[in-house]
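Asks: One rule links them: number in the working numbering = place in the sequence shown (from 1) + 4. Even for Gly, the Cβ is constructed at its ideal location relative to N, Cα and C. Right, I'll just put the structure down here and ask away after.
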Amino acid sequence: SIELGYSGGSHNKGRADVILQGGADQAGEPSYVVSSSYFDTDGYRDHSAARKVLSNAKLTWDLDDGSKINWLLNHVDINADDPQGLSRDKWKQNPKQVNDAKNQYDVRKEINQTQTGLNWLKPLDDHNEMYSMIYAGHREVTQYQSIPKGEFSINLGLDKDGNPIPSTSQRNPRHAGGVIDFERDFYGADLRWTGKDLLPNTRISAGLAYDAMSEDRQGYENFDANNHFGVKGNLRRDEKNTLWNLDPYLQASWNFLPTWRIDTGLRYSNVHYESKDHYMAVGNGDDSGQTDYKKVLPSAALTWEITPQVSTYASYSKGFETPTFTEMAYPTVGTSGINFALKPSSSDNYELGMKSQNRLGNFTAAIFQSNTKDDIVSAGTVDGRATFQNADKTLRQGVELSWNQKLWRELTAQASYSYLDATFDADIRNADPKKVVKSGNAIPGVAENQAYVSLGWQPETGFNAGVDVRYMDKIYVDDLNTDTAPSYTVTSANIGYVWKNNDWKVRSYARVDNLFDKDYIGSVIVNDGNGRFFEPAD
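What follows is the structure, encoded as structure tokens:
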């Protein structure tokens, strides 16, 4: 079959899609799905144009011996201008404007990534099977930031001790420049054995996962000798970063009673980082280094099928999040080198939930709590450059509810609600008493309450229509909780018609988002050092 689609909308928004799929009926002959889409827009705000090309392919073989092979390929190419965040005053004055009125730095980002993978499931007999997977990919990113050229330290005067005041701009010899440019290769494999009913009513798996990454990261000045900005200038950073992990794991599931099941898991996670600095200059020494992170991670869940329509569960897991090289890219003190002081976070996660399917609809409910030590949180963003630090303790707890039901004929309803209390559970110290983050402060960038409800008439063919309403609670913009992005409610509506005749099917639709033209903030830049926290939505 072939499927073609096109949609257009506000701000010269356009998207074109093509999907091809088919396959053979014979074992050993592949079936396939190939798709590609092109999207571009001028953007709601000035200097917010974007373009994305996305292509996917999947081949599947079902072999005579019962094994199955999948091959996948994905490519994405993104170019996006960035109008950056606004202060509250600028947002209220004109939400469409660019942070830099002259657009001097032409802030933008380019991403190109290709990845492919192959997995193979092989039954050995009625009780044993093997699964294997390999993958590889390549990613390229170039980002032009709005970091000022600045002044030489000797032009800034002396501090109270008579030393030159260090420049925090690109004139500082340790500064990594205003252009990020890196290429990254990543690859890995997973091999797993599964045994079924080797013991009564059990399923046991044992596996080994390997992942690796190699990154060439450069930094350049965002100006040239003629004082043109938004261009790639002199080299200011050059390093080779590598990481790898080799994680063995075990999983077991046991139906010890007809309606009771326990699932357990154990994983030993060990991650190894290394950075080799190839850029040395006067005032900028060797920033090479390495570090290792290791953790044993248990998990367990108990499930009770109360009736065929109602089940409940309770679970516990140990979480472990190592910092990414993006989070480690800049230290909180100083301006270049990898932030090897950033520690991994570990958490204890608890959840209790229920799922129900009956004549009143499909319903899920869950309450949860996550206690995290050394949480990786924002340490501030200045001129597009983000840094990260560890918070001693954080706490997240809340409730999630969802429901959907066919009310009458083709009339369906959906609703969901979440409450998330996310707070710092210990002070984050600072030499300036005014900048100490107090225990009990809300974690920025997180909404405490979110809700969604929709009503739709959705027959398989013919006329369809729907309306949905989304609520988002206020969001704090920084650790000190000095300001918030206000709460908002937006309503959207859609209509369409589906026509079907023999092998042909045509779907047309129209949709209006933000039906009542609400002026609201779509996202925030957490802890922005210039107070430009707000990114207005359309």
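With a cut-off of 8 angstroms on the beta carbons, I'd call residue 42 and residue 15 a contact; round off their distance for me.
Replies: Along the sequence shown, one-based indexing puts residue 42 at 38. Along the sequence shown, one-based indexing puts residue 15 at 11. With a Cβ gap of about 16 angstroms, residue 42 and residue 15 do not count as contacting.
Asks: My understanding is that residue 110 touches residue 234, with C-beta atoms under 8 angstroms, so please give their C-beta distance in whole angstroms.
Replies: Taking the sequence shown and counting its residues from 1, one reaches residue 110 at position 106. Taking the sequence shown and counting its residues from 1, one reaches residue 234 at position 230. About 3 angstroms separates the two Cβ atoms, so the contact holds.
Asks: Is the Cβ-Cβ distance between residue 312 and residue 270 less than 7 angstroms?
Replies: One-based indexing of the sequence shown puts residue 312 at position 308. One-based indexing of the sequence shown puts residue 270 at position 266. Contact flag unset, no.
Asks: Ignoring anything shorter than 3 residues, give me the beta strand (DSSP E) runs that lie fully in the stretch 281-366, in order along the chain.
Replies: 293-311, 314-325 and 349-362
Asks: With a CB to CB cut of under 6 angstroms and the five nearest residues on each side skipped, what residues in its chain are close to residue 180?
Replies: Here residue 180 refers to the residue found at position 176 of the sequence shown. The residues are 223, 240, 241 and 340.
Asks: Roughly how many angstroms separate the alpha carbons of residue 324 and residue 155, rounded to a whole number?
Replies: The residue you call residue 324 lines up with position 320 of the sequence shown. The residue you call residue 155 lines up with position 151 of the sequence shown. Answer to the nearest angstrom: the Cα atoms are 42 angstroms apart.
Asks: I'd like to check one pair, residue 425 with residue 442: are the Cβ atoms closer than 7 angstroms?
Replies: Within the sequence shown, numbered from 1, the residue matching residue 442 stands at position 438. Within the sequence shown, numbered from 1, the residue matching residue 425 stands at position 421. Contact flag unset, no.
Asks: What are the boundary residues of the alpha helix (DSSP H) that includes residue 515?
Replies: For the purposes of this step, residue 515 is taken as residue 511 along the sequence shown, with counting starting at 1. Taken as a continuous stretch (DSSP letters only), residue 515 belongs to no alpha helix (DSSP H), being part of the beta strand (DSSP E) at 508-516.
Asks: Would you please state the rounded distance, in angstroms, between the beta carbons of residue 460 and residue 469? I believe it to be under 8 angstroms.
Replies: Start at 1 with the first residue of the sequence shown, and residue 460 comes out as number 456. Start at 1 with the first residue of the sequence shown, and residue 469 comes out as number 465. Residue 460 to residue 469, Cβ: 7 angstroms. Contact.
Asks: Return the first residue and the last residue of the beta strand (DSSP E) that residue 97 is part of.
Replies: Residue numbering aside, residue 97 sits at position 93 when the sequence shown is read from its first letter. Element bounds for residue 97: not the beta strand (DSSP E) but the alpha helix (DSSP H), 92-97.
Asks: Taking 7 angstroms as the threshold (C-beta atoms), are residue 200 and residue 131 in contact?
Replies: Taking the first residue of the sequence shown as 1, we reach residue 131 at position 127. Taking the first residue of the sequence shown as 1, we reach residue 200 at position 196. Yes, they are a contact pair.
Asks: Using the beta-carbon count (16 or more within 10 Å), is residue 433 buried or exposed?
Replies: Here residue 433 refers to the residue found at position 429 of the sequence shown. Exposed: under 16 other Cβ atoms inside 10 Å.
Asks: I'd like to check one pair, residue 216 with residue 248: are the Cβ atoms closer than 7 angstroms?
Replies: Here residue 248 refers to the residue found at position 244 of the sequence shown. Here residue 216 refers to the residue found at position 212 of the sequence shown. Contact flag set, yes.
Asks: Going by the beta-carbon positions, is the gap between residue 428 and residue 385 smaller than 7 angstroms?
Replies: If you number the sequence shown from 1, residue 428 lands on position 424. If you number the sequence shown from 1, residue 385 lands on position 381. No, the Cβ-Cβ distance between residue 428 and residue 385 is not below 7 angstroms.
Asks: Quick one: grab the DSSP three-state call for residue 437.
Replies: For the purposes of this step, residue 437 is taken as residue 433 along the sequence shown, with counting starting at 1. Of the three classes helix, strand and coil, the one that applies to residue 437 here is helix, per DSSP.
Asks: Looking only at its own chain, which residues have a Cβ that is under 6 angstroms from the Cβ of residue 477, when we skip the five neighbours before and after it?
Replies: In the sequence shown, the residue the question calls residue 477 occupies position 473. Apart from sequence neighbours up to five positions away, the residues of its chain that approach residue 477 with a beta-carbon distance below 6 angstroms are 451, 452, 453 and 491, ordered along the chain.
Asks: With DSSP as the reference, label residue 444 as helix, strand or coil.
Replies: Mapped onto the sequence shown, residue 444 falls at position 440. Residue 444 carries a coil assignment under DSSP once its states are collapsed to helix, strand and coil.
Asks: Please report the straight-line C-alpha distance between residue 90 and residue 74, rounded to a whole angstrom.
Replies: Residue mapping note: residue 90 aligns to position 86 of the sequence shown, counting from 1. Residue mapping note: residue 74 aligns to position 70 of the sequence shown, counting from 1. If you take the alpha carbons of residue 90 and residue 74, they lie about 46 angstroms apart.
Asks: Here's a check: name, in chain order, each residue in its chain whose Cβ is nearer than 6 angstroms to the Cβ of residue 39, leaving out the five neighbours to either side.
Replies: Within the sequence shown, numbered from 1, the residue matching residue 39 stands at position 35. Here the set comprises 23 and 60.
Asks: Using 8 angstroms for Cβ pairs, my map puts residue 383 next to residue 391. What's the rounded Cβ distance?
Replies: Translated into the one-based positions of the sequence shown, residue 383 becomes position 379. Translated into the one-based positions of the sequence shown, residue 391 becomes position 387. Their Cβ separation, rounded to whole angstroms, is 4 angstroms, which keeps residue 383 and residue 391 in contact under 8 angstroms.
Asks: What is the DSSP secondary structure of residue 457, reduced to helix, strand or coil?
Replies: Position 453 of the sequence shown, counting from 1, holds the residue named residue 457. The answer is strand: DSSP assigns residue 457 an E or B state.
Asks: Return the CA-CA distance between residue 175 and residue 238, expressed in angstroms with no decimal places.
Replies: Taking the first residue of the sequence shown as 1, we reach residue 175 at position 171. Taking the first residue of the sequence shown as 1, we reach residue 238 at position 234. Looking at the two C-alpha atoms, the distance is approximately 12 angstroms.
Asks: From residue 359 to residue 198, what does the alpha carbon distance come to, in whole angstroms?
Replies: As a position in the sequence shown, residue 359 is number 355, starting the count at 1. As a position in the sequence shown, residue 198 is number 194, starting the count at 1. The C-alpha of residue 359 lies about 27 angstroms from the C-alpha of residue 198.
Asks: Please state whether the Cβ-Cβ distance between residue 274 and residue 298 is less than 7 angstroms.
Replies: Against the sequence shown, residue 274 aligns to sequence position 270. Against the sequence shown, residue 298 aligns to sequence position 294. Yes, these two residues count as a Cβ contact at 7 angstroms.
Asks: Taking residue 436 as the reference, which of 464, 484 and 308 has the closest Cα?
Replies: Looking up residue 436 in the sequence shown gives position 432. That would be 484, whose Cα lies nearest to the Cα of residue 436.
Asks: Do residue 345 and residue 357 have their C-beta atoms closer together than 7 angstroms?
Replies: Numbered from its first residue, the sequence shown carries residue 345 at position 341. Numbered from its first residue, the sequence shown carries residue 357 at position 353. Result no, Cβ atoms of residue 345 and residue 357 do not sit closer than 7 angstroms.
Asks: Assuming residue 407 and residue 365 are in contact, meaning their beta carbons sit under 8 angstroms apart, how far apart are those beta carbons, in whole angstroms?
Replies: On the sequence shown, residue 407 is found 403 positions in, with the first residue counted as 1. On the sequence shown, residue 365 is found 361 positions in, with the first residue counted as 1. With a Cβ gap of about 5 angstroms, residue 407 and residue 365 count as contacting.
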